[in-house]
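Position one of the sequence shown corresponds to residue 204 (the working numbering), numbered consecutively onward.
All C-beta atoms in this analysis are idealised placements derived from N, C-alpha and C, irrespective of residue type, glycine included.
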Amino acid sequence: MKIFKKLMLFLLEKRNILNDEILHTTEINSILIRPLGWAIGDAVVHTAHIKQLKKRYPNAKIGVVVASANKVIYENSQLVDSYVYRNFLDYIRNYKKWDLVIDFENNFNSSSLLMDRIINPKYIVIFRKYHKKYYNLETIQNYNFHYPQEASDKLSHYLLNSGFNANNRLSIEYSVLNTEPEYDLKASQIWREKTFRILLSPYGSKRYIPVRELAELLNQSVTDNIEYIDIILSNTELAQEYYQNLQQYCPHLNIRLSPKQSLSEYISLVASADFVIAVDGGALHIACAFQKPLLSFFAKSMPNMGAWEPLLLPTTPHFRVLTKNDVGTNSNLTEDFEIDQAIIWFKNYLIENIN
Numbered sequence: 204m205k206i207f208k209k210l211m212l213f214l215l216e217k218r219n220i221l222n223d224e225i226l227h228t229t230e231i232n233s234i235l236i237r238p239l240g241w242a243i244g245d246a247v248v249h250t251a252h253i254k255q256l257k258k259r260y261p262n263a264k265i266g267v268v269v270a271s272a273n274k275v276i277y278e279n280s281q282l283v284d285s286y287v288y289r290n291f292l293d294y295i296r297n298y299k300k301w302d303l304v305i306d307f308e309n310n311f312n313s314s315s316l317l318m319d320r321i322i323n324p325k326y327i328v329i330f331r332k333y334h335k336k337y338y339n340l341e342t343i344q345n346y347n348f349h350y351p352q353e354a355s356d357k358l359s360h361y362l363l364n365s366g367f368n369a370n371n372r373l374s375i376e377y378s379v380l381n382t383e384p385e386y387d388l389k390a391s392q393i394w395r396e397k398t399f400r401i402l403l404s405p406y407g408s409k410r411y412i413p414v415r416e417l418a419e420l421l422n423q424s425v426t427d428n429i430e431y432i433d434i435i436l437s438n439t440e441l442a443q444e445y446y447q448n449l450q451q452y453c454p455h456l457n458i459r460l461s462p463k464q465s466l467s468e469y470i471s472l473v474a475s476a477d478f479v480i481a482v483d484g485g486a487l488h489i490a491c492a493f494q495k496p497l498l499s500f501f502a503k504s505m506p507n508m509g510a511w512e513p514l515l516l517p518t519t520p521h522f523r524v525l526t527k528n529d530v531g532t533n534s535n536l537t538e539d540f541e542i543d544q545a546i547i548w549f550k551n552y553l554i555e556n557i558n
């Protein structure tokens, strides 16, 4: 591995740092985005970046580097013109097809360095990069623009905090997703008619709300007009056991488990909800794309709380629930939440919004 990385460094192109004005005075007809990562939440937030770029470069083709898991999000944004997969053949197919690569990854890695060397875009933009033994800002100069970000800076604001926003050329944008009519119909059939629809998404790939804590929140908040409230629990790999326990702890609430769904179907389910309760993760950011009233659950952990603050309009009702204790940098420690104020807020919200 050491020999391979040294060989990679030897083969890398060395570029010059350019003045920010190049981004505004040069004709840019194609932009390829390399996302921060492959998670659903990453992709949803990146749709806000794409909206900014579409407005700044209205005639440019926009492409995204994707994996099978996150491509659905970009497809549902209806903003992306082209997709590049992380494989050698796709790199070759895209040789010199891109004027600008915008790299949101937070580290240099062999796959991306190889991609840049083969694709050979006119310009490369990077943001924050962690220091690694072989790949770091001292050993790699294959980029033209570097806009360092603080670890706690919102991912959604990276372009705002860069040369793209010289003279305030950009505006704040919000994530966007669209649904498909056939999946909207399926989603509507899951809910009981003429009810206030609450969608529970208490678990993600790395984090979850302890079932007892969610039950306490629901039992103390959902106390009035229960017959007019429909509660659906998202169906994932963890769902069955969680659902059984939640039913046990909330015997007076009619909580149902959603059918197993594709990601596109799940997007329609979120869009059809009146309110979403979600842990820090992909479902939370999907809810933000539809500006759903939201109870979000985060570990009291920086820099994660800053970087992944829900991207919501100031007018969208939202209450962020944090853990009682600061858990340091381990944002996966989502337990022992401070829910007293959340109960009051949510109970009042239901009273005001259910007739």
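Hey, out of S314, V268, I432, whose CA is closest to L553's CA?
-> For L553, the closest alpha carbon among the candidates S314, V268, I432 is that of I432.
Cut-off 8 Å between Cβ atoms - residues of its own chain near N533, not counting five sequence neighbours on either side | A502, S504
Kindly indicate the opening and closing residues of the alpha helix (DSSP H) around D543.
-> First-last of the alpha helix (DSSP H) with D543: 543-556.
Check whether the Cβ atoms of H488 and V247 sit closer than 7 Å, and answer yes or no.
-> yes
From W241 to W301, what does the alpha carbon distance come to, in whole angstroms?
-> 21 Å
Thinking C-alpha only, which one of D356, N323, Q281, P513 is nearest I307?
-> The residue asked about is misnamed: residue 307 is Phe in this sequence, not Ile. Taking only the C-alpha atoms, the option nearest F307 is D356.
Apply the 10 Å Cβ neighbour rule to S216 and answer buried if 16 or more other Cβ atoms are within range, or exposed otherwise.
-> The sequence given here has Glu at residue 216, not Ser. Looking at its Cβ environment, which holds fewer than 16 other Cβ atoms inside 10 Å, E216 is exposed.
Please go through the segment 455-523 and give each complete beta strand (DSSP E) segment of 3 or more residues, from N-terminal end onward.
-> The segment 455-523 contains these whole beta strand (DSSP E) runs: 458-460, 478-482, 497-503.
For the beta strand (DSSP E) that contains D387, what are its first and last residues?
-> Careful: D387 lies outside any beta strand (DSSP E), inside the alpha helix (DSSP H) at 384-393.
The alpha helix (DSSP H) with R415 in it runs from where to where?
-> 414-424
L221: which of P517, K254, Y326, N422 sits nearest, CA to CA?
-> Y326
Delimiting residues of the alpha helix (DSSP H) encompassing L214 = 205-214
Are the beta-carbon atoms belonging to V473 and T537 less than 7 Å from one another?
-> no
Can you list, in chain order, the residues of its chain whose CB lies under 8 Å from that of L515, leaving out five sequence neighbours each side?
-> Y377, C491, Q494, L497, H521
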